[in-house]
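Note sheet for the following structure.
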Amino acid sequence: MAPGSLVAACRSLALSTWLLSFCFVHLLCLDFTVAEREEWYTAFVNITYVDPATSELRTEKTECGRYGEHSPKRDAKGMAALPVAPLDRQACDPNGRFAVPARAGAWVALVAGGNCTYEDKIRHATAQNASAVVVFNVGSSVVNETITMAHPGTGEVVAIMIPEPKGREVAALLERNVAVTMTITIGTRNLQKYVSRTSVVFVSISFIVLMIISLAWLVFYYIQRFRYANARDRNQRRLGDAAKKAISKLQVRTIRKGDQETEADFDNCAVCIEGYKANDVVRILPCRHLFHKSCVDPWLLDHRTCPMCKMNILKALGIAVSPSQNGKILTMEKEGKALIDRSIIDHKAVDTLGRG
Ligand SMILES: [Zn+2]
Ligand SMILES: [Zn+2]
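All the letters of the sequence shown, read from the start, carry residue numbers -35 to -1, 1 to 321 under mature numbering (1 follows the signal peptide of the UniProt record, and there is no 0).
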């Protein structure tokens, strides 16, 4: 691997690592900052009434209620009262009245959930001086379920939610004209941690964006690498073609018996380290060095230099390899200069240079 590509690989690895750790830290931060906390309070609900069947005083106290989000967290007490109209147990009618017992001081409105907002119900009850509003959950799939009601701007009235069975129990007593006293007291504080939908969306989007950036960068990196490799191959091919062209221009000679190359003191072929014999075909390079044709041709294709003196045959023959983009091989020959004319370099010339 070339030093350049090694550096590039290291850089890509470093960047990938950096991106991954960035994603991780990002997710970790989001977990801490975006996860929301919800605080809510339970309410003890105490109901006291005289049992119509046995005339006994009965008292039940359960921690079944839940304070509304915007309700003051304090105790409240009063006679329970339903809306007068049997069809408006939800207290959605602004003009609907509550069946407040005659001598009751403070009273607590008992309304069914649904049909209008919690704010509406609470406002309609407080307009008639209710000291607390108890909403019972309706239509929940889970028995005894309550939720934290949101009812902004309803003032200082205590608002709680109780489960449906409890609400129906009290409503049934009130419908039978049994006076029920309700006492609401603060229960336990609860802290619920949850991740809101918007934060999930935010986390997902930022993660996806980071992934896209990383992927785009990777794709870009590999395209660059591919292009680099392609250009290198093309260049290699061009050089090979130029070398073939140069080789075709070099002089070839067949050694004859009695030629000075066959003498014992003549240099051996530098490629195969063998001496020259009669009928050997030799290639003569522009630097006047000669080698077996079969020895030097493959070498020249690969190296394009003389094995002895390293002279570049492309330069010597004036064959310029252009860095053209379209992959076409453009070779230019410098006029006259260094161009080996086979008719000029004859046997005799080689003869005299071979000894030197
Ligand atoms: Zn040889
Ligand atoms: Zn040479």
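We put the CB at the ideal spot given by N, CA and C, even for glycine.
Closest by C-alpha distance to Glu4, out of Thr113, Phe231 and Arg221, is Thr113. Closest by C-alpha distance to Glu140, out of Val247, Leu47, Cys274 and Gln201, is Leu47.
Of the candidates Lys38, His268, Thr(-19) and Thr111, the residue whose Cα lies closest to the Cα of Cys29 is Thr111. The beta carbon of Arg221 sits closer than 7 Å to those of Ala243, all from its chain and outside the five residues before and after it, given in chain order. At least 7 Å separates the beta-carbon of Ala50 from that of Phe63. Excluding the 5 residues flanking it on each side, Met147 has same chain C-beta neighbours closer than 6 Å at Ile12, Ala45 and Val73, in chain order.
A direct Cα-Cα distance of roughly 14 Å separates Thr82 from His35. Checking the DSSP bridge columns, you'll see Val123 partnered with Ala97. In this structure Ile151 does not touch Ala97 by the C-beta definition: roughly 13 Å separates them, more than the 8 Å allowed. Using a Cβ distance threshold of 7 Å, Ala235 and Pro272 count as a contacting pair. Residue state for Glu34 is assigned as coil, using DSSP reduced to three classes.
Relative to ligand 1, His257 has its C-beta within less than 6 Å of a heavy atom.
DSSP, reduced to helix, strand and coil, places His257 within a strand of the structure shown.
Nearest neighbour of Asp206 by Cα position, chosen from Glu129, Phe172 and Asp267, turns out to be Asp267. For a cut-off of 8 Å, the C-beta gap from Ala(-22) to Ile125 is around 59 Å, too long to register as a contact. Burial check for Cys(-26): the Cβ neighbour count within 10 Å stays below 16, so the residue is exposed.
Nearest neighbour of Ser105 by Cα position, chosen from Thr153, Ala92, Gly132 and Gln93, turns out to be Gly132. By the 16-neighbour rule on beta-carbons within 10 angstroms, Ala92 is exposed. By the Cβ-count criterion, Cys274 is exposed, with fewer than 16 other Cβ atoms from all chains shown falling within 10 Å of its own Cβ. Counting the other CB atoms within 10 Å of its CB gives Val184 a total below 16, which places it among the exposed residues. Ordered along the chain, residues surrounding ligand 2 are Leu250, Cys252, His254, Cys271, Met273, Cys274 and Met276 [Cβ under 6 Å from any heavy atom]. Asn11 carries a strand assignment under DSSP once its states are collapsed to helix, strand and coil.
Under the DSSP assignment, Leu75 falls in the beta strand (DSSP E) whose first and last residues are Trp72 to Ala77. The bridge partners DSSP lists for Leu22 are Val15. Under a 10 Å Cβ-count criterion, Thr119 is classified as buried, with 16 or more other Cβ atoms of the shown protein chains found around its own Cβ. Within its own chain, the residues whose Cβ lies closer than 8 Å to the Cβ of Val217, once the five positions on either side in sequence are excluded, are Val246, Val247, Arg248, Ile249 and Lys258, listed in chain order. By the CB criterion at 7 Å, Lys209 and Leu282 fall outside the cutoff.
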